[in-house]
Amino acid sequence: MGGIFKRLVRFALRWRLYVGQLCYTFTAMSDRYLVVGTAGHVDHGKTALIKALTGINTDRLREEQERGMSIELGFAHLTLPSGIQVGIVDVPGHERFLKNMLAGASGMDLVMMVVAADEGVMPQTIEHLDILRLLQVKDGLVALTKIDLVDQDWLDVVQEDIRQQFSGSFLANAPIVPVSSVTGEGLGNLVAVLDEKVKAVPTRSPEGPFRMPVDRIFSMPGFGTVVAGTVWSGTVSVGDALELQPAGLSTRARGLQVHGRKVERASAGTRLAVNIAGVEVSQVSRGSVLVQPGWLKPTYLLDAELLLLERASHSLKHRTRIRLHTGTAEVIGRVAILDRDELLPGDSAPVQFQLESPVAVARGDLYILRLYSPMETLGGGTILDPYPKRHRRHDERVLQKFRALKGGSLEVQAAQVLAEQGLVPTSAEDVASRLALDLAQARRILADLEAVGLAFNVGGGYLHSSAVEEAAKTAEQVLKKYHQANPLRLGMGREELKSRVAPKCSSKVWAALLELWASQGRIKVDESTVSDASHSVIFSPEQERTAQVILELYLRSGYSPPSREEVLKAVESRDASDVFDALVEQGILVKIAEGLYLHKDSVSAAEERLRLILEAQGTITVAQFRDVLESSRKVVVPLLEYFDSRGVTRRVGDVRVKG
């Protein structure tokens with residue numbers, strides 16, 4: 008008789024809770040969604056509690072039901088008295104399935120830490136608490152389950168132990184709600200406490216690029232591949248183009264479901280299932296990220312700040328093989344500690360992860376670090392740069408970058424991204440991707456940096472002012488040395504200077520830099536040469552006499568000029584060659600063709616006569632022009648080709664016309 012009475016009480020309590028839930032569902036459902044996750048030691052009643060609250064058994068696998076132990080992530084949903092709709096993620100408690108717990112812990116708004124009254128706080132309870140702290144879960148409550156198995160005195164002892172064990176954590180002052188999933192006692196109070204807690208959780212912004220780490224993949228007959236997860240940022244609508252990273256697969260949102268209901272749109276904080284087009288189930292795995300196209304790229308290197316747990320059993324050495332958990336992904340790699348050889352428990356350090364397979368992450372993402380073997384949780388931290396270069400250790404410039412990315416404003420961080428790229432332009436899209444910003448915000452920040460002189464827009468991207476200034480100083484030094492060695496040369500060739508200052512710089516950026524430095528009065532630039540702003544060619548008295556001799560030779564010879572070699576033989580001066588080249592650079596002697604030079608006055612006179620003839624008769628032949636200049640075909644043919652190249656004339660068959 009007593010057993011029947013207990014079953015009736017249990018049925019009545021559960022029926023009252025479920026009827027209440029149905030009332031909330033049909034009368035007060037709001038558009039606000041949150042994600043609550045469970046945590047706690049194996050066999051402490053997480054799955055049973057969720058079933059008692061929602062009527063949903065989250066143990067989907069036959070093995071889970073046979074063993075009475077969660078192996079995979081489970082999912083349920085609940086509408087609270089306030090109308091807020093909560094997605095519940097049930098995580099495995101056994102240490103062998105911790106990687107599944109880590110995949111489920113990402114994206115939680117609130118945690119329900121489950122502690123069994125008959126056992127109290129256990130090792131996995133503490134490990135889960137450490138993980139949640141590293142993942143920056145801010146709030147939660149404690150569900151003290153299985154109270155039907157203990158008396159009140161023992162219950163008081165367990166609650167006091169929980170307070171002591173959770174002291175100093177984000178659950179230090181969390182409400183402890185005694186509950187029994189068997190009798191239903193405390194379930195109503197748990198729902199009320201949970202409702203008050205979720206109402207205090209800040210609403211996630213729907214702004215920013217859409218991103219959803221995938222924690223579940225399945226196929227539905229007639230629909231195809233469905234991926235599910237918690238939306239981390241942004242908004243998605245039916246029909247939107249999407250990408251699956253790090254595989255780089257293009258897809259489209261064919262349909263959306265939230266808690267089993269079809270929706271047209273979903274935003275950050277929602278447990279979402281997306282029916283995707285053109286992708287097979289075999290092409291997707293847990294750890295994939297469904298994302299707005301072009302926002303995330305695969306990466307094998309990550310810069311991060313790492314905190315080693317005080318409870319870690321031993322220190323972490325440089326180049327240790329590790330397992331990195333971020334979002335729903337688990338990847339294997341090695342950790343490079345950049346400022347020391349060994350990290351002690353409780354300490355933090357800048358690190359670079361060198362991964363064996365790619366991930367798709369953003370700046371600011373959190374991660375958990377575990378040893379490769381044995382699989383012990385070591386610590387975790389924040390990803391500072393998802394697309395870094397490979398670093399040298401103990402490099403002050405690298406450490407300065409970490410300090411800027413860790414503690415600086417978005418402007419400081421954007422400036423650091425530019426500085427790291429040197430003379431390779433960084434686009435607004437690159438900055439948005441590196442710093443997890445939307446494109447409009449990245450553009451505003453770059454415009455602000457340009458306005459205060461910290462960045463230069465070189466067309467298609469931005470350069471940091473420090474890189475531009477360093478290159479300018481190098482160019483000035485190179486030019487000064489060049490002028491000292493070649494005082495009679497107007498300047499150094501553009502490409503020669505580029506090879507000495509910025510060999511990897513693109514021609515477009517190099518041209519923009521030369522224009523910038525010229526506008527600042529630091530250099531002089533013409534079509535082919537660059538010189539220091541203060542440089543000018545000044546002949547010595549002897550060199551001046553040599554120049555006059557050379558010029559007189561060309562003026563006297565008219566259109567039957569000597570070759571360069573003939574001039575150098577005729578002029579008795581050791582500087583004759585340099586003076587000759589200087590006269591060419593200055594445009595006093597004009598190079599018509601290889602080995603053929605004329606005085607600029609002769610060229611001008613020939614051009615004037617040519618224009619007059621073309622005005623008068625419209626055409627001219629080589630022979631006619633030869634006779635006009637009283638020259639030879641050897642000179643006239645190259646001279647006409649020279650005028651062709653300058654647009655003075657244009658060849659039509661055997662004659663020239665106006666260009």
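Heads up: the sequence shown begins at 8 in my numbering, then just goes up one per residue.
No residue lacks a Cβ here, since even glycine has one placed at the ideal position from N, Cα and C.
For residue i and residue j, what's the separation of their Cα atoms in angstroms?
i	j	result
E579	V643	30 angstroms
H266	G44	15 angstroms
T61	L87	11 angstroms
L430	H490	25 angstroms
H101	D348	Unreliable positioning characterises H101 in this predicted model, as indicated by a pLDDT of 43, which lies under 50. The coordinate reading is nonetheless provided below. The straight-line gap from Cα to Cα measures roughly 33 angstroms.
V291	L251	8 angstroms
D437	A235	28 angstroms
L109	I375	8 angstroms
V556	I595	13 angstroms
G415	A492	46 angstroms
P182	N464	55 angstroms
K598	F650	12 angstroms
Q92	P300	29 angstroms
L647	G498	29 angstroms
R328	S513	39 angstroms
A623	K665	11 angstroms
H51	V186	12 angstroms
V574	G660	36 angstroms
S535	E592	10 angstroms
A199	V149	13 angstroms
I196	E203	Ile is not the amino acid found at residue 196; the sequence shown has Asn there. Approximately 11 angstroms, taken between the alpha carbons.
A3	S570	Absent from the model: residue 3. The displayed extent of the chain is 8 to 666, so no value can be given.
E549	A577	16 angstroms
V586	E572	13 angstroms
K408	V475	18 angstroms
I627	L558	30 angstroms
E403	H48	44 angstroms
K730	W302	Nothing can be reported for residue 730: it is not among the residues displayed for the chain, which extend from 8 to 666.
Can you have a look at residue i and say buried or exposed, based on whether 16 or more other CB atoms are within 10 angstroms of its CB?
i	result
R663	buried
M227	exposed
K505	buried
I545	exposed
T210	exposed
A336	buried
D6	Any question about residue 6 goes unanswered here, given that the chain covers just 8 to 666.
P216	buried
Y561	buried
L632	First, the residue type needs correcting, since residue 632 is Phe and not Leu in the sequence shown. F632 should be labelled buried.
V205	buried
N282	buried
H38	Rather than His, the amino acid found at residue 38 in this sequence is Asp. D38 comes out exposed.
H321	exposed
M382	exposed
F360	buried
D168	exposed
Y394	buried
So residue i and residue j are supposed to be a Cβ contact under 8 angstroms. How far apart are they, rounded?
i	j	result
D247	R259	7 angstroms
P352	L316	6 angstroms
L373	L141	7 angstroms
V368	L309	7 angstroms
D155	V189	5 angstroms
L56	V157	Actually they are not in contact, since the Cβ atoms of L56 and V157 sit about 16 angstroms apart, beyond 8 angstroms.
A443	R370	5 angstroms
I want to see whether chain D comes within less than 8 angstroms of residue i, judged by CB atoms only; does it?
i	result
V96	In the structure shown, chain D cannot be found, because there is only a single protein chain.
Spatial neighbours of residue i within its chain, please: CB distance less than 6 angstroms, with the 5 preceding and 5 following residues excluded, ordered by chain position.
i	result
L362	Y307, V338, G340
A280	V233, A235, Q264
R223	A235
Q172	V128
L461	A422, S472
Tell me which same chain residues have a C-beta within less than 8 angstroms of the C-beta of residue i, skipping the five on either side of it?
i	result
L521	R501, I530, V532, V537
V208	L41, D116, L117, D146
E271	S244, V245, L263
A124	L151, T152, K153, I154, L156, V157, W161, L162, V165, P185
Could you pull out every residue in the same chain whose Cβ sits closer than 7 angstroms to the Cβ of residue i, ignoring the five residues on either side in sequence?
i	result
V286	T232, L251, L256, T258
V508	A478, T481, A482, V485
V629	R640, V643, V644, L647
S176	L136, R140
T389	A311, E312, G371, L373
Exercise. With contact counted as at least three CB pairs below 8 angstroms, one residue from each stretch, are the stretch 610–617 and the stretch 646–659 in contact?
Worked result: At 8 angstroms Cβ cutoff, the stretches touch.
Exercise. So, do the stretch 412–428 and the stretch 448–462 have three or more beta carbon pairs nearer to each other than 8 angstroms?
Worked result: Contact between the stretch 412–428 and the stretch 448–462 is present, with at least three C-beta pairs closer than 8 angstroms.
For this session: Inspect the CB distances between the stretch 556–568 and the stretch 596–609 and report whether three or more fall short of 8 angstroms.
Result: Yes: the two stretches touch, three or more of their Cβ pairs being nearer than 8 angstroms.
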